[in-house]
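Residue numbers (the UniProt record's numbering): 1 to 176. All C-beta atoms in this analysis are idealised placements derived from N, C-alpha and C, irrespective of residue type, glycine included. Keep in mind it's a predicted model, so treat the numbers as computed, not measured.
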């Protein structure tokens with residue numbers, strides 16, 4: 001006695017018509033194990049690419065933070081540095097950084113002027129200079145907060161390096 005099945009079975013040599021891509025599905029290649037050296041190289045390359053991308057992002061972020069956008073921003077940054085050698089004065093679209101020698105009659109020894117267009121001029125006793133000594137060059141534009149701090153620290157260091165700090169030595173260093 002035979003009873004028909006609820007679901008018809010396929011014969012072993014039959015190809016089902018309800019699954020059109022069955023032969024290609026059945027013939028798919030199986031995954032192989034990746035070679036340890038190539039896997040290590042792939043992982044190292046991915047880590048290197050990630051580190052390069054993070055480094056580029058950090059560089060761009062640091063450059064944007066260092067950029068000078070306005071005189072008031074530069075003045076606030078220089079005030080936050082806590083420099084005792086320089087006095088910061090903001091007025092009439094100018095930022096003045098001055099060093100006053102406190103003698104019997106105080107006098108202005110160094111002045112750095114940053115104008116509204118961020119152009120920079122440095123004066124030593126009323127004489128404009130573009131270079132102090134052999135190493136310290138004055139930038140034309142104040143486009144970097146770090147650059148301005150380095151300029152001011154360089155002038156302060158140059159002032160400290162003069163042996164007797166006499167007017168004659170300063171004039172000799174400025175005019176050579």
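Next item on the list: With a cut-off of 8 Å on the beta carbons, I'd call residue 71 and residue 114 a contact; round off their distance for me.
Entry: Contact between residue 71 and residue 114 holds, with the beta-carbon distance rounding to 6 Å and staying under 8 Å.
Notebook entry, point to check: When you compare each of 43, 95 and 81 to residue 141 by their alpha carbons, which one comes out closest?
Noted result: Ranked by Cα distance from residue 141, the options 43, 95 and 81 are led by 95.
Notebook entry, point to check: Tell me, which residues are paired with residue 128 by DSSP?
Noted result: Residue 128 is bridged to 123.
Notebook entry, point to check: CA-CA distance, residue 66 and residue 105?
Noted result: If you take the alpha carbons of residue 66 and residue 105, they lie about 38 Å apart.
Note to self: Does residue 101 pass the burial test, meaning 16 or more other C-beta atoms within 10 Å, or should it be called exposed?
What the structure shows: Exposed, by the Cβ-count rule.
Notebook entry, point to check: Going by DSSP, which residues form a beta bridge with residue 107?
Noted result: Answer is 101.
Margin query: Going by DSSP, what residue range makes up the beta strand (DSSP E) through residue 93?
Written below: Neither: residue 93 is in no beta strand (DSSP E) and is coded neither H nor E.
Next item on the list: Look up residue 136 in the DSSP assignment and say whether it is helix, strand or coil.
Entry: Strand, per DSSP.
Item checked: With 16 other Cβ atoms within 10 Å as the buried cut-off, status of residue 38 -> Residue 38 is exposed by the Cβ-count criterion.
Check: Just curious, the alpha helix (DSSP H) that residue 86 is in, first and last residue?
Finding: Neither: residue 86 is in no alpha helix (DSSP H) and is coded neither H nor E.
Check: Would the region 125–144 and the region 153–161 be scored as touching if the rule is three or more Cβ pairs under 8 Å?
Finding: Enough Cβ pairs lie closer than 8 Å, so yes.
Next item on the list: May I ask you to list the residues that DSSP assigns as paired with residue 145?
Entry: In the DSSP assignment, residue 145 is bridged to no other residue.
Next item on the list: Output yes or no for whether 8 Å exceeds the beta carbon distance between residue 77 and residue 86.
Entry: Their beta carbons are not under 8 Å apart, which means residue 77 does not touch residue 86 by this criterion.
Margin query: Short of 7 Å in beta carbon distance, which residues of its chain neighbour residue 68, apart from the five on each side in sequence? Order them along the chain.
Written below: Here the set comprises 74, 118, 142, 143, 144 and 145.
Checklist line | residue 56: first and last residue of the uninterrupted alpha helix (DSSP H) it sits in | finding: That run of the alpha helix (DSSP H) goes 36–66.
Checklist line | Top-ranked residue by Cα proximity to residue 93, from 109, 79, 120 and 108 | finding: Distances from the alpha-carbon of residue 93 to those of 109, 79, 120 and 108 put 120 closest.
Next item on the list: Could you check how far apart the C-beta atoms of residue 109 and residue 125 are, in whole angstroms? I think they sit under 8 Å.
Entry: With 8 Å as the limit, residue 109 and residue 125 qualify as a contact, their Cβ atoms being about 6 Å apart.
Next item on the list: Decide if residue 97 is buried, meaning its Cβ has at least 16 other Cβ atoms within 10 Å, or exposed.
Entry: Of the other Cβ atoms in all chains shown, 16 or more fall within 10 Å of the Cβ of residue 97; this residue is therefore buried.
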